[in-house]
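**Student:** Sending over a structure as structure tokens; questions will come in a sec.
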Amino acid sequence: MPIVTHHDLKYLREDIYYQRLKPVYDELLKNNAECAGLIAQDHANFYHLLSTALRIDKHPVVEAIKQTIYRQYELDIPIHVFQFQAAWPRSLASNRVFFKDGVEKNELLVLVSQHFFNDFSFQEQVAILGHELCHLMLGHLEIPARHMLQKQSDLGVSMDFRLNLIKWSLCAEISSDLFALRACDFKPRILGTTLIKAYSGIKALDSIDLVFVLLDQCDELANSVKTADLTVHPILPLRIKVLDATRHCEIFKRMGEEVSEEELEKMKSDFNQVIDDLVYKVNPELFDERIKEDHDLFLLAAVAVILSDGNVSQEALVVLTQLTFTAKDPQQYMKEIQQRISSSNYT
């Protein structure tokens, strides 16, 4: 019987977009010299920044952070930490794959700004490195989405590819947030305050109070007409809301326990449903299947209005056939309606 672990906390929606991206990306690497050059430039930029940074692996604090992470995740992937100067808190990660004695090795390289030491507590530092490690564990470093998006117009790929890159990246950040809870002993408030400090730059105010402010802000946005812009990172209020809402899920209560396959699948499904419901309210563009359901509803509503007075005018028929829906073909639907009308008392 399986044991519930942090591996079960992945936001499964990211797999939808990865499966769409991977074949196109592999084809680009194989046949598009500009794409291959772009990837090489991305690595070159990272290593240039690395060459100007201080390697702080052996610093006692960093060593203690790494050992904490190794224990939490039961991993032995080498983590190399470098510090560079930046105007705001930043952390960047890259994996380094190489061969030694004929065996493939994998290491994580992490760049952190000086704020890592100046502004964050030990637990928050663990959360930051844990989050970056999770990107490696989940395969998010395979596709340099952000760099490709910056140069998208030069690659000759479709707008769908660009949108899938953004959607995958957004879901990947949510997955890494949830995976990083393992590094925080599954205490969402620790990760929440870390995210607030990292993305707002605020350290003088009580971060716990800001958690509640952001939770309210996410609710306000979800209840408004305007949704959040689609970006590679979820908006901060949404990230905080996901951490707060999922902590009540059964999967957290059963963490480390042995369960049946059916129980595990049910817990994962319920867990992902909570996330989906929150993300949908802020970024509905990620949910093709729900948009189709909404289109069905709008189409049925239009038909109901047309038939409400017992008469079907020519103008109403024209308007209905001009509607665009992805879930149903209005032309075919119109034929069905006309057949029903002809067999009814409508005139």
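The sequence shown begins at 135 in the working numbering and counts up one residue at a time.
All residues carry an ideal CB built from backbone N, CA and C; glycine is no exception.
Within a Cβ cutoff of 6 angstroms, which residues of the same chain sit near Arg154, ignoring the five residues on either side of it in sequence?
**Tutor:** Position 20 of the sequence shown, counted from the first residue, corresponds to residue 154. The answer, listed in chain order, is Asn298.
**Student:** Can you give me the C-alpha to C-alpha distance between Ala227 and Leu245, rounded to a whole angstrom?
**Tutor:** Mapped onto the sequence shown, residue 227 falls at position 93. Mapped onto the sequence shown, residue 245 falls at position 111. Rounded to whole angstroms, Ala227 to Leu245 spans 6 angstroms at the Cα level.
**Student:** How would you write the range of the alpha helix (DSSP H) that Asp153 sits in, first residue to last?
**Tutor:** Within the sequence shown, the letter at position 19 stands for residue 153. It should be pointed out that residue 153 corresponds to Gln in this sequence rather than to Asp. 147-165 is the span of the alpha helix (DSSP H), which, as asked, contains Gln153.
**Student:** For His281, report the span of its alpha helix (DSSP H) as first-last.
**Tutor:** As a working note, residue 281 is residue 147 in the sequence shown. It spans 279-284 - the alpha helix (DSSP H) in which His281 sits, taken as one unbroken run.
**Student:** Work out the CA separation of His249 and Asn165 for me, nearest whole Å.
**Tutor:** Locating residue 165 in the sequence shown gives position 31, counting from the first residue. Locating residue 249 in the sequence shown gives position 115, counting from the first residue. Approximately 41 angstroms, taken between the alpha carbons.
**Student:** Can you find at least 3 beta carbon pairs, one from the stretch 323-333 and one from the stretch 182-195, that sit closer than 8 angstroms?
**Tutor:** No, the stretch 323-333 is not in contact with the stretch 182-195.
**Student:** Does the separation of the CB atoms of Lys402 and Asp142 fall below 9 angstroms?
**Tutor:** Locating residue 402 in the sequence shown gives position 268, where the first residue counts as 1. Locating residue 142 in the sequence shown gives position 8, where the first residue counts as 1. Against a cut-off of 9 angstroms, the Cβ pair of Asp142 and Lys402 comes out as a contact.
**Student:** Report the rounded CA-to-CA distance for Val416 versus Arg373, giving the unit in angstroms.
**Tutor:** Start at 1 with the first residue of the sequence shown, and residue 416 comes out as number 282. Start at 1 with the first residue of the sequence shown, and residue 373 comes out as number 239. Those two C-alpha atoms are separated by around 11 angstroms.
**Student:** So what does DSSP say about Asn252, is it helix, strand or coil?
**Tutor:** The residue given as residue 252 occupies position 118 in the sequence shown. Correct three-state label for Asn252: helix.
**Student:** Would you check if there are 3 or more beta carbon pairs closer than 8 angstroms linking the stretch 196-214 to the stretch 310-320?
**Tutor:** The stretch 196-214 vs the stretch 310-320: in contact.
**Student:** For Lys360, count neighbouring C-beta atoms within 10 Å of its own C-beta (all shown protein chains included) and say buried if the count is 16 or more, exposed if not.
**Tutor:** For the purposes of this step, residue 360 is taken as the residue at position 226 of the sequence shown. For Lys360, the predicted model reports a pLDDT of 47, less than 50, meaning its position is unreliable; a value from the coordinates is still stated below. With fewer than 16 other Cβ atoms within 10 Å, it is exposed.
**Student:** What are the start and end residues of the beta strand (DSSP E) that includes Phe216?
**Tutor:** Mapped onto the sequence shown, residue 216 falls at position 82. Looking at the DSSP string, the run of the beta strand (DSSP E) that includes Phe216 is 213-218.
**Student:** Are the stretch 270-286 and the stretch 170-188 in contact at 8 angstroms, needing three or more beta carbon pairs?
**Tutor:** With the cut-off at 8 angstroms, the stretch 270-286 and the stretch 170-188 touch.
**Student:** My output table needs one value for His331: the three-state DSSP class, helix, strand or coil.
**Tutor:** Indexing the sequence shown from 1 puts residue 331 at position 197. It is Lys, not His, that sits at residue 331 in the sequence shown. Lys331 falls in the helix class under three-state DSSP.
**Student:** Is the beta carbon of Asp253 closer than 9 angstroms to that of Pro223?
**Tutor:** Walking along the sequence shown from the start, residue 223 turns up at place 89. Walking along the sequence shown from the start, residue 253 turns up at place 119. The answer is yes: Cβ separation under 9 angstroms.
**Student:** The alpha helix (DSSP H) that contains Trp302, what's its start and end?
**Tutor:** Here residue 302 refers to the residue found at position 168 when the sequence shown is read from its first residue. Taken as a continuous stretch (DSSP letters only), the alpha helix (DSSP H) holding Trp302 covers 293-314.
**Student:** Using CA atoms only, rank isn't needed, just tell me which of His382, Met135, Phe180, Ser310 is closest to Phe218.
**Tutor:** Here residue 218 is taken as the residue at index 84 of the sequence shown, counted from 1. Phe218 has its Cα closest to that of Phe180, out of His382, Met135, Phe180, Ser310.
**Student:** Alpha carbon to alpha carbon, what distance is there between Phe320 and Ala198?
**Tutor:** Residue mapping note: residue 198 aligns to position 64 of the sequence shown, counting from 1. Residue mapping note: residue 320 aligns to position 186 of the sequence shown, counting from 1. Spanning the two alpha carbons is a distance of roughly 19 angstroms.
**Student:** My output table needs one value for Ile369: the three-state DSSP class, helix, strand or coil.
**Tutor:** Within the sequence shown, the letter at position 235 stands for residue 369. The answer is coil: DSSP assigns Ile369 none of H, G, I, E or B.
**Student:** Counting C-beta neighbours from all protein chains within 10 Å, is the total for Thr328 16 or more, i.e. buried, or is it exposed?
**Tutor:** Within the sequence shown, the letter at position 194 stands for residue 328. Under this definition Thr328 is a buried residue.
**Student:** Once the 5 residues before and after Leu275 are set aside, which same chain residues still bring their CB inside 8 angstroms of it?
**Tutor:** Counting from one through the sequence shown, the residue named residue 275 turns up at place 141. So the qualifying residues of the chain are Ala227, Ser228, Asn229, His269.
**Student:** Roughly how many whole angstroms lie between the Cα atoms of Thr365 and Ile308?
**Tutor:** The residue you call residue 365 lines up with position 231 of the sequence shown. The residue you call residue 308 lines up with position 174 of the sequence shown. Thr365 and Ile308: Cα-Cα distance of roughly 13 angstroms.
**Student:** Determine the DSSP secondary structure at Leu377, reduced to helix, strand or coil.
**Tutor:** As a working note, residue 377 is residue 243 in the sequence shown. Residue state, collapsed to three classes: helix.
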